[in-house]
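Protein chains in written order, with numbering that gives the first Met the number 0: chain A, 0 to 563; chain B, 0 to 563.
To keep things clear, I will list the structure first and then write my remarks on it.
Number of protein chains: 2
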Amino acid sequence: MAEGNVFRRIHVYDCRSQKTNKDKLLETSGLDYNGFLRLLRKTFAIKSHETFVLATTDRTVLKFDNFEELQDDSTIHLLQHEDQPLVVATEERFKFLPHYDTLIRSGMNEYYASEGQNSLPFALAELIDNSLSATAKNTGVRTIEIRMIFDESLGKPALIVLDNGHGMTSQMLQNWAVYRLSKFMRKDSDQERYVRPDPVPRSLNSDISFFGVGGKQAVFYIGDSTRMISKAAGCPDVHELILSKEDFERKTDNKEDIYTGVIKNRMPCDYSHVKKNDERFLHRLIEEESGKESFTAVVITGIFPKHIAFIKEDFNVLTRRLTHIYHYYIHGVNGKDMSSSSTISDPPEIEILINLAEKPPRCPRYVNLREVETDMQTLYINSAVDTFEFKASIAQDGGAVEGAIRYHPFLYDKETYPEDPDVVHAVDEDDDDNESRVLHQARGNRPIFDCFWNGRLIPYTTVSEFDWCAPSKGAKELAECYNRISGVLFTDDKFPVSTNKLTFMELEMKLKHKDTFFTRVVNGQKQRGNMQKEFTQWLKNCHEKWDKQVQFLNYKEIITRTDV
Amino acid sequence: MAEGNVFRRIHVYDCRSQKTNKDKLLETSGLDYNGFLRLLRKTFAIKSHETFVLATTDRTVLKFDNFEELQDDSTIHLLQHEDQPLVVATEERFKFLPHYDTLIRSGMNEYYASEGQNSLPFALAELIDNSLSATAKNTGVRTIEIRMIFDESLGKPALIVLDNGHGMTSQMLQNWAVYRLSKFMRKDSDQERYVRPDPVPRSLNSDISFFGVGGKQAVFYIGDSTRMISKAAGCPDVHELILSKEDFERKTDNKEDIYTGVIKNRMPCDYSHVKKNDERFLHRLIEEESGKESFTAVVITGIFPKHIAFIKEDFNVLTRRLTHIYHYYIHGVNGKDMSSSSTISDPPEIEILINLAEKPPRCPRYVNLREVETDMQTLYINSAVDTFEFKASIAQDGGAVEGAIRYHPFLYDKETYPEDPDVVHAVDEDDDDNESRVLHQARGNRPIFDCFWNGRLIPYTTVSEFDWCAPSKGAKELAECYNRISGVLFTDDKFPVSTNKLTFMELEMKLKHKDTFFTRVVNGQKQRGNMQKEFTQWLKNCHEKWDKQVQFLNYKEIITRTDV
Ligand SMILES: Nc1ncnc2c1ncn2[C@@H]1O[C@H](COP(=O)(O)OP(=O)(O)OP(=O)(O)O)[C@@H](O)[C@H]1O
Ligand SMILES: Nc1ncnc2c1ncn2[C@@H]1O[C@H](COP(=O)(O)OP(=O)(O)OP(=O)(O)O)[C@@H](O)[C@H]1O
Ligand SMILES: [Mg+2]
Ligand SMILES: [Mg+2]
């Protein structure tokens, strides 16, 4: 600490008397404690016989040895004696710059695991969200690639998210690094002001940036260093920026400004600055820039071993989870219907490609999420025989929710309600001889609805049921049928989500509010009928038309034999 | 923006040739565009007939009118022509200070509502956490008061959290304001280094500060301005600090440093600086400082109307929820046993007092959380007839969890398993004539375990069951008994929680890991027996000893009458 005679100004309050207090700023460069005392006596006209004490605002008395430790711009009190009260208050300026953990640790305790799910997909989703937003106005195919390079012959482990979206100018890239600078706060000069997208079916508006934290949370959850590489259309230069834990630590140690960075502006395909051998994989990535009008690549290194292990061991789980989250972006408003050969036409297609490169002889793996057929949404859609659509209007704030319920019939000897391939069910194995069997089949106690926000899944919010589709309120003879339904809810960002995008803030409360109004929708037309009646009728029809073996006919009651 | 001739330095890269690129720093004070051009021609020896273009790194060409807008320290390119590629890369320094929403909005989308719960208690809990930590070493009673002043005759609405803990020195108060400065990161000189507390039963270690964000998240979730008032033992001065949304906005508008604040150092009881009439309530608070060795008061104003409404309308819900969260801190390791008259002795008592002052004639309300008898933990403990204690050891990291399961018997004609007084059950009302009745009684589908971290409840993490206490694995004749148990789990901070302290990161995954080892504990002694056997035996004993009417005797199967 003893930096000796560096430039240092100290605010001194003369607290000895009861006069109004104003501090004096003393320049201490070149002064040791005794020199400072001389300056002080002169400045405050301290008489030679007068005793006094100098203390920090924490009442640490200043002496020859700790005087050196005073920081520039600090405040001290000139007192008659050590315990003298501050008859007149003093004011002390201080800085409270957020610690760099604001960026580095922002994702650490955010993406948590529930129901046995690994939380890496939620971090990757933040990066896919950004790419979806950036490619929203593409005229051609929107391509989002996740490349996971775990092949030492190419360099250290790296995870790259690459999109062909609008890219970022240097200024936009600078803004990217600003924690909590949301699109709503950006100043006019920076880039075009945020315009709320028009309503679209199922809110597939690609407008998924919200808080100004997602990207930073995600990259530092995955690894400890990130290189952003981006090029905006119309500008011939590529911009590059590195944020890393190591840099932050070095700047702290050197007492440099923490939140100062450097952007590199360069020609496309110029990788002359990438000299480290363990970053060889960057050469190919940068060579690919040739001919691209605009793009963004997020290159994460220092990847935490547990993520590498998960990606290698559970690659299928990862691709399934991501497909579930973006199902309707990938497959369009109606989702993946495997029986129909129709392809989505109108909006340009979204390709989300996942590539894992491991050290040979292990083969690289390529998955286009469009081809995944075992994500829950695909399973729901393709085991359903009929769909009941509806809308909910929230009275208080005019929010609207679109919903659909699907029927998964009983066929011959089994329920067709799909099981999540990644959930291990510990219970119910040896259960087939007691009464819980009937209830635990099909959906069981699981909630009916998965919930989507601006078209993407919010994974930890589910809605169990509404009054009009609750088994307990419905017709007794349809009891099993209530167990054969799954559902989806779609909202736009009028329904806020938590910063980590894992939960809605209060969707269920709003939907279950007594003034929330539900209407059935048939072929896009709202129906007038009573919701519960409409639903019960639909359920009954499904039952009669699709269930292929009636388990209970005119089911009435249970008789318990207490006599055996 | 046109600030004209202010002090401004601009980095210029000469990109016209292929030489190694180094920028030159040009001082533009007093220069308009033409003056700057002259300086530039001279500096870079631009020949008089030579054409060139000046552009920002976003490739905006600089002209007379936009030249003024360049910020101090910005970087520009000197190019042969507009589209010239950057043959040699350039580097551009920039700042990326976190936006002040980092503090202001940090709690906004963090405390979410689930299962119909209002989320205000979770924000208040963060402030109580801080007070618990601060009072941990008190020798006398630890007092934490929440005062809610909604009486216009005293000033604007305010919420105060006041404790008699160790208080903060000026330096500690400065650190309080630093977002993400956790106790683990604080430097030696600031205050004593963090020492991990010794293990104590049920981890009631009062060590609940963790991330360096809780207080800030909480206060700005509740209102838009916070005054911290604190006095540390041994220092005669009181320190005060205000953080407010308004200040941040003003500083931004004036282009002042965002993260600079002022601490007021003053005598106790001196409220001469509180001049605003709508802050009159502060006079009394400050007068109370007399004779206090140390304390901290968090004074929140600008309280959002929805919180005021909730506090007024649901005061009982609020006090109940808080009691549930801190039950074991308030009542000691065994919780509130209303049948025993014993009081907690050894560690000093914790008093958490909630006071709501509304405009007369409405009476002020005072609740000591110790007297609340309708929080869930109190209900569980006092309807239980026996307790099964156990420990779980996590193989991977040596983490340990203490647990207890309680038995709530069937008495004569009804289950005694307690209902949450604040949860409205929409279902099961008209349900008593079908088979779901039996299952939905008592606990029903709800998870068995509430989970506590360092002694305080983590409200949204519950654990449903373990193999050895799962009804599906247990003896059939005890089926209803499995439904009559509630449970608690206690962990220390070896099990991380999310930043908002609403969920554990992966408690359930760790507990359900195949290598996790459970042992029964009787009178503090670990037992050797097989867990499932021990538990089943205990459950059987409970059933035989306590259930006062056996509903099903030798229950065997359901016979469904398909003939009616
Ligand atoms: N792939 C990308 N292409 C173009 N711009 C991007 C890309 N990723 C991020 N950005 C820009 O960086 C900004 C910050 O991204 P970040 O994910 O950190 O926050 P956000 O998306 O604004 O909000 P949220 O917290 O909801 O994610 C974005 O708003 C966007 O302007
Ligand atoms: N009532 C209090 N008395 C004394 N010190 C306090 C009090 N409240 C806060 N502090 C100090 O301020 C610091 C910051 O508090 P804050 O709640 O923002 O974060 P934290 O408690 O460190 O971590 P967490 O995010 O887990 O709450 C605390 O670590 C503590 O040193
Ligand atoms: Mg984002
Ligand atoms: Mg705290």
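The beta-carbon is built from N, C-alpha and C at its ideal position, and this holds for glycine as well.
Rounded separation between lysine 475(B) and histidine 542(B) - CA only: 13 Å
Can you list, in chain order, the residues of its chain whose CB lies under 6 Å from that of lysine 509(B), leaving out five sequence neighbours each side? Ile393
Please report the Cβ distance between leucine 53(B) and valine 60(B), rounded to the nearest whole angstrom; I am assuming they are in contact, meaning their Cβ atoms lie under 8 Å. The Cβ separation is near 7 Å, so the contact holds.
Any beta carbon of chain B sitting closer than 7 Å to that of glutamate 505(A)? Closer than 7 Å: yes.
Near threonine 461(A), which residues of its chain fall below 7 Å by C-beta distance, leaving aside the five closest residues on each side in sequence? Pro446, Phe448, Asp449, Cys450
What do you reckon, are the CB atoms on proline 347(A) and arginine 141(A) nearer than 7 Å? yes
Given glycine 29(A) as reference, the closest of Arg15(A), Ala44(A), Phe6(A) once Cα atoms are compared: Phe6(A)
Is the CB of proline 97(B) under 7 Å away from at least one CB in chain A? yes
Under the rule that 16 or more other beta-carbon atoms within 10 Å means buried, what is arginine 226(B), buried or exposed? With 16 or more other CB atoms across the displayed protein chains lying within 10 angstroms of its CB, arginine 226(B) is buried.
Listed by chain order, chain A residues near alanine 112(B) by CB distance under 7 Å: Met504, Glu505, Met508
Mind checking tyrosine 406(B): buried by the 16 CB within 10 Å criterion, or exposed? Around the beta carbon of tyrosine 406(B), 16 or more other beta carbons sit within 10 angstroms, so the residue counts as buried.
Using a C-beta cutoff of 7 Å, does isoleucine 262(A) count as contacting chain B? yes
Quick one: Cα of lysine 275(B) to Cα of arginine 361(B), how far? 25 Å
Would you say tyrosine 571(B) lies against chain A (beta-carbon separation less than 7 Å)? As shown, chain B starts at 0 and ends at 563. That puts residue 571(B) outside it, with no answer to give.
Closer than 7 Å to chain B by CB, threonine 498(A): yes
Would you identify the three-state DSSP class for cysteine 234(A), choosing helix, strand or coil? coil
Can you tell me whether glutamate 239(A) is helix, strand or coil according to DSSP? If DSSP states are grouped into helix, strand and coil, glutamate 239(A) belongs with the strands.
Alpha-carbon spacing of aspartate 514(A) relative to isoleucine 307(B), whole angstroms: 22 Å
Taking one C-beta from the segment 107 to 120 of chain A and one from the segment 488 to 497 of chain B each time, how about it: are there three or more such pairs within less than 8 Å? yes
From this set, Ile159(B), Thr55(B), Asp162(B), Arg185(B), which residue's C-alpha is nearest methionine 171(B)'s C-alpha? Arg185(B)
Take every Cβ of the segment 510 to 530 of chain A, pair it with every Cβ of the segment 463 to 475 of chain A, and state whether three or more of those distances are shorter than 8 Å. yes
Only counting the same chain, and skipping five residues up and downstream in sequence, which positions put a Cβ closer than 7 Å to that of aspartate 419(A)? Only Met375 meet the Cβ criterion.
Looking at the unbroken beta strand (DSSP E) that takes in leucine 566(A), where does it start and where does it end? One cannot answer for residue 566(A) here, as it falls past the ends of chain A, which runs 0 to 563.
Does the CB of glutamate 81(A) have a neighbour CB from chain B at under 7 Å? At a cut-off of 7 Å between beta carbons, glutamate 81(A) makes no contact with chain B.
For proline 470(B), does the count of other Cβ atoms within 10 angstroms reach 16, so buried, or fall short, so exposed? buried
Is the shortest distance between the beta-carbon of arginine 265(A) and the beta-carbons of chain B less than 7 Å? Taking Cβ atoms only, chain B reaches closer than 7 Å to arginine 265(A), which makes this a yes.
Give the interface partners of proline 495(B) over in chain A, defined as CB-CB distance under 7 Å, in chain order. Asn108
With 16 as the cutoff for other CB atoms within 10 Å, does serine 16(B) come out buried or exposed? exposed
Name the residues in the segment 221 to 254 of chain B whose C-beta lies less than 7 Å from a C-beta of chain A; which are they? Cys234, Pro235, Asp236
Report the option in Ala403(A), Asn137(A), Thr373(A) whose CA atom is closest to the CA atom of methionine 579(A). Chain A is shown only over 0 to 563; residue 579(A) falls outside these bounds and no answer can be derived.
Could you name the residues whose beta carbon sits closer than 6 Å to any heavy atom belonging to ligand 4, keeping them in chain order? Glu125(B), Asp128(B), Asn129(B), Ser208(B), Gly213(B), Gly214(B)
Please check if any C-beta of chain A sits within less than 7 Å of the C-beta of asparagine 444(B). yes
Return yes when at least one heavy atom of ligand 2 lies under 6 Å from the C-beta of threonine 168(B), else no. no
Taking the CB atoms as reference points, tell me whether glycine 166(B) and lysine 230(B) lie closer together than 7 Å. yes
In terms of residues, what are the limits of the beta strand (DSSP E) holding asparagine 264(B)? 259 to 265
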